[in-house]
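J.: One structure, as structure tokens, below. Some questions next.
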Amino acid sequence: MKKLFIALALLLSAAGAKAALFITNNTSCIMVVIINAHDANHGICGLASGRLQLAPGSSAAFNNVATLNTTAPGWQNSQTATTAGGTTVWGWDAAIVTNGGIMWAQIGNTGSCSPTASVITPNACNGNSVTAAWSVLGGNTFIDIN
């Protein structure tokens, strides 16, 4: 029921969002996500975020790539992003999902630095398999970790 409520809340908020990123950790383990994006000043995967740590059963949302200019985890190397030009020149490209140990799933858009929609990593979370999935719905991007 909790997963259904989180999914419903994200879908309702997505209706009013413009190309937002939603990340959900449905596992019982702490997961770390590094996000890749681009804008008018940085090519595909030209922006890499710091390490976003997600507690079990938690989620994070970012309105656009420029949100990470002032919101943790921020962009690496003191880079800043712009949304000038709109979604035709900026967007979310890929992500690395890890549990800080043996699990490293790279997922993302076709043509990006990690062009895989879904990765299953066996024995990654308390001995259980973890699936990291990348999907785009209505211009919004979703990363689901199950």
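Here the working numbering is used: the first residue of the sequence shown is 4, the next is one more, and so on.
Where is the CB? At the ideal position from N, CA and C, for every residue including glycine.
#1: Given a threshold of 16 other Cβ atoms within 10 Å of its Cβ, counted over all protein chains shown, does Leu3 qualify as buried or as exposed?
#2: Quick one: using the 10 Å Cβ neighbour count with 16 as the cut-off for buried, is Ile146 buried or exposed?
#3: Hey, how far is the Cα of Met34 from the Cα of Leu57?
#4: Excluding the 5 residues preceding and the 5 following Ser121 in the sequence, name in chain order all residues of the same chain whose CB lies nearer than 8 Å to its CB.
#5: Assess, as a yes-or-no matter, whether the stretch 99-107 is touched by the stretch 42-49 under the definition of 3 or more beta carbon pairs within less than 8 Å.
#6: So, helix, strand or coil for Ala58, using DSSP?
#7: Which residues in the same chain as Ala87 place their Cβ atom closer than 7 Å to its Cβ, once the five residues preceding and following it in sequence are excluded?
#8: Counting C-beta neighbours from all protein chains within 10 Å, is the total for Ile123 16 or more, i.e. buried, or is it exposed?
#9: Cutting at 7 Å between CB atoms, please list the residues of its own chain near Ala69, excluding the five before and the five after it.
#10: Closer than 7 Å by C-beta to Pro59: which residues in its own chain qualify, once you throw out the five before and the five after it? Chain order, please.
#11: Could you check the C-alpha separation between Leu55 and Ser61 for me, to the nearest Å?
#12: Please state if the CB of Ala75 and the CB of Leu24 are separated by a distance shorter than 9 Å.
#13: Buried or exposed for Val92, please, with buried defined as at least 16 other CB atoms from any protein chain shown within 10 angstroms of its CB.
#14: Please classify Thr90 as buried or exposed, where buried requires at least 16 neighbouring CB atoms within 10 angstroms.
#15: Identify, in the order they occur along the chain, each residue of the same chain with its Cβ nearer than 7 Å to the Cβ of Asn129, setting aside the five sequence neighbours on each side.
T.: In short, the structure shows the following:
#1: Residue numbering for the chain in the displayed model covers 4 to 149; residue 3 lies beyond these limits and cannot be assessed.
#2: Classified as buried, Ile146 has 16 or more neighbouring CB atoms from the shown chains inside 10 Å of its CB.
#3: Whole-angstrom Cα-Cα distance: 5 Å.
#4: Taken in chain order, the residues that qualify are Ile110, Thr134, Ala135, Ala136 and Trp137.
#5: No, because fewer than three Cβ pairs between the stretch 42-49 and the stretch 99-107 fall closer than 8 Å, the two stretches do not touch.
#6: Ala58: coil per DSSP, three-state reduction.
#7: Cβ neighbours of Ala87 beyond the five flanking positions: Ala43.
#8: Looking at its Cβ environment, which holds fewer than 16 other Cβ atoms inside 10 Å, Ile123 is exposed.
#9: Answer for Ala69: Ala84, Thr85 and Thr86, listed in chain order.
#10: In chain order, Asn28, Thr30, Ser31, Cys32 and Ile33 place their CB closer than 7 Å to the CB of Pro59, counting only its own chain and leaving out the 5 sequence neighbours on each side.
#11: For Leu55 and Ser61, the distance between alpha carbons rounds to 12 Å.
#12: No, they are not a contact pair.
#13: Around the C-beta of Val92, fewer than 16 other C-beta atoms lie within 10 Å, and the residue is accordingly described as exposed.
#14: By the neighbour-count rule (16 or more Cβ atoms within 10 Å), Thr90 is not buried but exposed.
#15: Exclusion of the five residues before and after Asn129 leaves Ser31 and Cys32 as the residues of its chain whose Cβ lies within less than 7 Å of its Cβ.
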